[in-house]
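Below: one structure, written as C-alpha cells.
Protein chains in written order, with my numbering: chain P, 598 to 866; chain F, 3 to 387.
Here it is in C-alpha cells:
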C-alpha cells in the first residue's frame, strides 16, 4: 500500500517533470528564433511594392530654413499621426510630458558647440530635435528585453511597445533626451485617435520611429512633409541620394559627436 | 526552525503587527499605482528613476556588506564573528529581497517582468544585475539557514556549504559592482561616468551595512538575551571606520577630477547637488548634511576612546547609515539626471504615494528580517541554555 502510493507519486512526479521540461523545450524553439537579432535569416513577411527602402535612413535639418511656424507644423504633424498625447497643453501635467520631435534653443541642442558669441540667428531660432537613430545606439545596448532594437535592414531604431517592461533604462542611456515614458494612460490627453498607428498603454517608453509605418506605405516621414523643405530625408549609404549630395556640399554637424553614437540626423548651421 | 518566530513577547508581536500595517498601506498605494501608472510618483521626463531605484541602489550595498563578516570568519578564521555572521547573511537576504521589490514597483509593466528571462540579453547590464542579485539571494538563504540548522542540531555544517560560502564572496562584490555598472557605463551622463563609481559604491556599502549591523546588535542585546559580545562589535566598528574613510576619499577623488578639469558636463551635476543650479536646489541641505555626518562619523570612529564608548559608537553608526542613505538614496539618482541631456533643470520631489510604497517595501524587508532574526535568537537561546 505504502509502496504503491510512493511509486505512484514517483511516476506522477516524473510525468509532471517530463511534461514540464518537454513544454519548456518546445517553447524554447520558436523563442530562440524570436530572440535572435531582428532580420537575421530570411524575412518572414514581404514589404509592399510601394514601400520605401534604404540601407540606412538619415535626415538633414537645414537650420537656415527653420522658423517657428515650421517648428510648430512639424511637431503637430508628427504628434497627430503617432497618437502622441498632449499632457502639458491639456492637463498642465509637465511631469507626464511626451514628445517625439520638439524645438529647442541651439545652446540646448548643441551643448558642445555653444559659445558666447554664437550668431544672433542661432541665439534666436529654435531648432527641432528628435531621436537620432544612432548607428551605435546606447538605448539598444542597455535594454534588458530587446524591446528597443536597431533594424539592421535600414538602420531605424525602433520600439516594441508590447515587449517593453517599462524599466526606463533606455531613457537613462539616451544622451539626447529623445525618449518619453507613458506615466499614465495616453487616452487622457488625446482628442482623436488615429486607428492606423499603435496607441501605447501606460508604463511603456516611446520615441520617434522615423515614421517606419509611413515608409512601409511608400510615404515620407510626416515631419519631412510638413517642413517646407527644411528637413531632407534619404539613404545615407547611397552616394547618389539627395541627402548625400547635400552632405557632400555643405558642412553639417551632429549632436554630441564625441560620444561615438553616430547619429543619423545631421544639422546644417 | 521557523517555529521560533511563531512565539514571542508582546513587543515582538506589536512590531510584527506594526510592520504588517505599513505593508498594507504601501500595498494600497501600489494598487493605485498599478491602476493609474507611475504618474502618481514625482518622476518626470528627465528624472526617470526616482526614490525606488535609489533605495534599490542603497540596499544592494547593505546586502553586499555581509561579506565584511563572511571574509574574516570563513577566510581568516576570525572566531569572534561566529555569532554575528548569520545575522549578516540574513540581513543580506532581507536587503536583496527589498532590492528586487523596489525594481518591481519601479516597472511600468510589472506583469511583463519575465520578458527579462524570456529574451535574455547579455549586452544589457540589467540582465546581469538580475542574475547576480538572485544568485546572491539564494546563496545567503541556503548558507544562513543550513549553518543555523547545524548549530541547532549541534553538528558541524554540511561539507557542501563551504564552496557555496566561498562563492558568496565574489557574488557580494559583484552585486554592487554590477549595480554601479548600470549607471557608470552610460554615455552622456557625466555624474555617473566615473571608473570609481563601483569602488565608491563598495566602500560606502562596507561602511553603511556593518554600521547597521552594529545598531541591530545593540537592539538585539537590549530586547533579547542575545549578545554578540563587545569584541566583534569593536572589530566591525574598525571596518566601518576604514570603509567610511575609503568612501570619503573616493568622493574627494571625484570632486578633484571634476572641478580641477572644469568640464561643465561633469561639474554641473555636483553643483546642482551641493549648491543648486538655475535657482533650484532641493537637495542642497541634504547633501551637506550627508557629507557632514560621514566626516564626523569617520573622525569619531578613528579615535579609540570614542569608538569604545558605545553611545558614541551608536551615534557614529547612525551618522554613517543615514549619511550613506542620503548620498545613495536621494542624491545619486537625481543628481545624475539633473541637469538633463539638454542642460535643462527639472527637479524631482518624491510624492506621498511613492514614499508610502517605499515604506511598504521597507516594511516587508524588516518583517522578513524580524522573523529571521527571531529564529536566530531562538536557536542561540536554545543552544546556549
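A virtual CB, placed ideally from N, CA and C, is assigned to each residue, including glycine.
Residues in the stretch 730-751 of chain P having any Cβ partner in chain F nearer than 8 Å: Correct list: 735, 738, 739, 740, 741, 742, 743 and 744.
Three CB pairs or more closer than 8 Å across the stretch 28-45 of chain F and the stretch 294-311 of chain F: no
Cβ-Cβ separation, residue 22 of chain F to residue 215 of chain F (assumed contact under 8 Å), whole Å: Going by Cβ atoms, the distance from residue 215 of chain F to residue 22 of chain F rounds to 24 Å, so no, they are not a contact pair.
Amino acids of chain F, ordered along the chain, whose beta-carbon sits closer than 9 Å to that of residue 848 of chain P: Simply none; closest approach about 23 Å.
Assigned exposure category for residue 375 of chain F - 16 Cβ within 10 Å defines buried: buried
8 Å Cβ cutoff, residue 796 of chain P in contact with chain F: no
Within chain B, the residues that residue 45 of chain F reaches when beta carbons sit closer than 9 Å: Within the model displayed, chain B is absent; protein chains P and F are what it includes.
Helix, strand or coil at residue 828 of chain P [DSSP, three-state]: strand
Closest Cα partner of residue 26 of chain F within the set F:132, F:137, F:355 and F:293: F:355
Proximity winner among P:773, P:785 and P:668, relative to residue 191 of chain F (alpha-carbon distances): P:773
Whole-Å CB distance - residue 180 of chain F paired with residue 213 of chain F, under 8 Å assumed: At roughly 23 Å, the Cβ-Cβ gap does not stay under 8 Å, so residue 180 of chain F and residue 213 of chain F are not in contact.
8 Å Cβ cut-off: residues of chain F touching residue 705 of chain P: 344, 345 and 346
Inside the stretch 829-865 of chain P only - beta strand (DSSP E) runs reaching at least 3 residues: 862-865
Proximal residues of chain F, C-beta to C-beta of residue 768 of chain P below 7 Å: Listed along chain F, the residues sitting closer than 7 Å to residue 768 of chain P by beta-carbon distance are 50.
Proximity test, Cβ basis, 8 Å: residue 118 of chain F and chain P: yes
Residue 329 of chain F, buried or exposed, once every other Cβ within 10 Å from all chains shown has been counted against 16: buried
Extent of the continuous beta strand (DSSP E) to which residue 655 of chain P belongs: 654-659
Runs of alpha helix (DSSP H) wholly within the stretch 253-284 of chain F (minimum 4 residues, chain order): 266-276
Per-residue contacts from residue 223 of chain F into chain P (C-beta, under 8 Å): Under the 8 Å cutoff, chain P gives no residues; its nearest Cβ is about 41 Å from residue 223 of chain F.
Closer than 8 Å to chain F by CB, residue 851 of chain P: no
Where residue 777 of chain P sits in the DSSP three-state scheme: strand
Inter-residue Cα distance where the pair is residue 799 of chain P and residue 313 of chain F: 50 Å
Any chain P beta carbon closer than 8 Å to residue 39 of chain F: yes
Start-to-end residues for the alpha helix (DSSP H) that takes in residue 756 of chain P: From DSSP, residue 756 of chain P is part of no alpha helix (DSSP H) but of the beta strand (DSSP E) over 754-756.
Residue 723 of chain P - partner residues in DSSP beta bridges: For residue 723 of chain P, the beta-bridge partners assigned by DSSP are P:702.
Residue 856 of chain P versus residue 767 of chain P: straight-line alpha-carbon distance, rounded: 16 Å
Validate contact between the stretch 7-20 of chain F and the stretch 736-748 of chain P using beta carbons, cut 8 Å, 3 pairs: no
Within-8 Å CB hit, residue 212 of chain F to chain P: no
Per-residue DSSP class, three states only, for residue 1 of chain F: Any question about residue 1 of chain F goes unanswered here, given that chain F covers just 3 to 387.
Contact with chain F by residue 646 of chain P, beta-carbon distance below 8 Å: no
CB-CB length for residue 687 of chain P against residue 46 of chain F, believed under 8 Å: Actually they are not in contact, since the Cβ atoms of residue 687 of chain P and residue 46 of chain F sit about 17 Å apart, beyond 8 Å.
Residue 745 of chain P, enclosing alpha helix (DSSP H) - first and last residue: No alpha helix (DSSP H) contains residue 745 of chain P, which is instead part of the beta strand (DSSP E) from 745-747.
Residue-level contact to chain P via CB, residue 203 of chain F, 8 Å cutoff: For residue 203 of chain F, not one C-beta of chain P is nearer than 8 Å to its own C-beta.
Extent of the continuous alpha helix (DSSP H) to which residue 309 of chain F belongs: 306-310
Selection from P:753, P:696 and P:827 that minimises the alpha carbon distance to residue 664 of chain P: The shortest C-alpha separation from residue 664 of chain P is found at P:827.
Residue 119 of chain F, buried or exposed, once every other Cβ within 10 Å from all chains shown has been counted against 16: Residue 119 of chain F is exposed by the Cβ-count criterion.
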